[in-house]
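Colleague: Chains as they are written, first to last, in my numbering: chain Y, 7 to 193; chain P, 993 to 1129. Starting off with a structure, shown below.
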């Protein structure tokens, strides 16, 4: 079985809930049932995922306030950063892993059960780690493993459309620190 | 406890205004925020009935115009002696068409950004009025 290289996997992701600071606004990114999060991640429904940010009213007020520079786009980038942190991998990778899990849920859930694990009881990063493990385990050789890894880890065109400066802003100091801890490789 | 920090980039924000005219009278529309824009577009898509279109117009006046211009336009809209309507007529475009054109304009400006975050930016005319099925005699 091909092995993951050192640095492939962030070493210090954070499980929800955790604190979020959006400019001067203090928020909490609350935990939600893993199955619910996987479903939203699989479809890239960041607006639904944004509902885990509390207090919700404060978020909406910022988006409506004409004197506040915060836009929907900022909320999108913030949600991506939150779930990057919680998933322990970039947003696009988390989406693809979640989509794989949701698409083949009966098989994945059955395999987890055979290992004595209930995936819905695990934090998000652990479930996604299991999905990645299953995907990589199924590769016949190193070439296929590299190909699968690229499919999972390379950002898609829709991600490239949000320019890199904004991604840098969104994927905050905490996010970068996570990758530095993981061996200095950034996505 | 982990704290994730996000800082809004304020340097790229602009709040342009657009002038529009109704029967030669000029009003200034203020570009809505993205959240407001999306809310208006979704409301328009579902606004088949006159009352729903009136509600959309109310939201537009509240969110996209300064209070003075908004009340001036609202007064005209509710004045039966004024030849101004929500719907298009022989006399010219109705207010809904003007609002749609403004939203389309702003949608083009923000389009790439909104589409990149998965929000459709196509502004459509309101759904046609639903007609009750003809009763059989």
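The C-beta atom is built at its ideal place from N, Cα and C for all residues, glycine as well. Note that the structure is predicted; figures quoted are calculated from it, not measured.
How would you label residue 1058/P, buried or exposed, when you count the other beta carbons within 10 angstroms and need 16 or more for buried?
Modeller: Position 66 of the second chain, counting from 1, holds the residue named residue 1058/P. Exposed, because fewer than 16 other Cβ atoms sit within 10 Å of the Cβ of residue 1058/P.
Colleague: Strictly below 9 Å CB to CB, what residues from chain Y border residue 1030/P?
Modeller: For the purposes of this step, residue 1030/P is identified with residue 38 of the second chain, where counting begins at 1. The answer, in chain order, is 78.
Colleague: Comparing alpha-carbon positions, which option in 107/Y, 159/Y, 147/Y and 148/Y lies nearest residue 136/Y?
Modeller: Residue numbering aside, residue 136/Y sits at position 130 when the first chain is read from its first letter. Ranking the options by Cα distance to residue 136/Y, first place goes to 107/Y.
Colleague: Is residue 84/Y close to chain P? Criterion is C-beta to C-beta, closer than 9 Å.
Modeller: To locate residue 84/Y, count along the first chain from 1; it is residue 78. Yes - at least one Cβ of chain P is within 9 Å of the one on residue 84/Y.
Colleague: Kindly indicate which three-state DSSP category residue 1011/P falls into: helix, strand or coil?
Modeller: As a working note, residue 1011/P is residue 19 in the second chain. Looking at residue 1011/P - three-state DSSP - the assignment turns out to be strand.
Colleague: By the 10 Å Cβ neighbour count, where 16 or more other Cβ atoms means buried, how is residue 80/Y classified, buried or exposed?
Modeller: Counted from its first residue, the first chain places residue 80/Y at position 74. By the 10 Å Cβ count, residue 80/Y comes out buried.
Colleague: By DSSP, does residue 1022/P sit in helix, in strand, or in coil?
Modeller: Numbered from 1 along the second chain, position 30 holds the residue referred to as residue 1022/P. DSSP places residue 1022/P in strand when its eight states are reduced to three.
Colleague: Are the C-beta atoms of residue 62/Y and some chain P residue less than 9 Å apart?
Modeller: Within the first chain, the letter at position 56 stands for residue 62/Y. So, not an interface residue.
Colleague: Taking its Cβ as the centre, do 16 or more other Cβ atoms sit within 10 Å of residue 101/Y, making it buried, or is it exposed?
Modeller: By one-based count along the first chain, residue 101/Y stands at place 95. With 16 or more other Cβ atoms within 10 Å, it is buried.
Colleague: Please identify the residue among 1099/P, 1104/P and 1108/P whose C-alpha is closest to the C-alpha of residue 1031/P.
Modeller: The count along the second chain starts at 1 and reaches residue 1031/P at position 39. Selected option, being the one with the closest Cα: 1099/P.
Colleague: Report the residue ranges of all alpha helix (DSSP H) runs contained in full by the segment 58 to 116 of chain Y; include only those spanning at least 4 residues, in chain order.
Modeller: 62 to 70, 78 to 93 and 97 to 109
Colleague: Report the option in 158/Y, 155/Y, 92/Y and 84/Y whose CA atom is closest to the CA atom of residue 130/Y.
Modeller: Taking the first residue of the first chain as position 1, residue 130/Y is located at position 124. Of 158/Y, 155/Y, 92/Y and 84/Y, the residue nearest in Cα terms is 92/Y.
Colleague: Going by the beta-carbon positions, is the gap between residue 1027/P and residue 70/Y smaller than 9 Å?
Modeller: Taking the second chain and counting its residues from 1, the one referred to as residue 1027/P is at position 35. Taking the first chain and counting its residues from 1, the one referred to as residue 70/Y is at position 64. Against a cut-off of 9 Å, the Cβ pair of residue 70/Y and residue 1027/P comes out as a contact.
Colleague: Taking C-alpha atoms, which residue in 82/Y, 56/Y and 111/Y lies nearest to residue 164/Y?
Modeller: Walking along the first chain from the start, residue 164/Y turns up at place 158. For residue 164/Y, the nearest C-alpha among the options comes from 82/Y.
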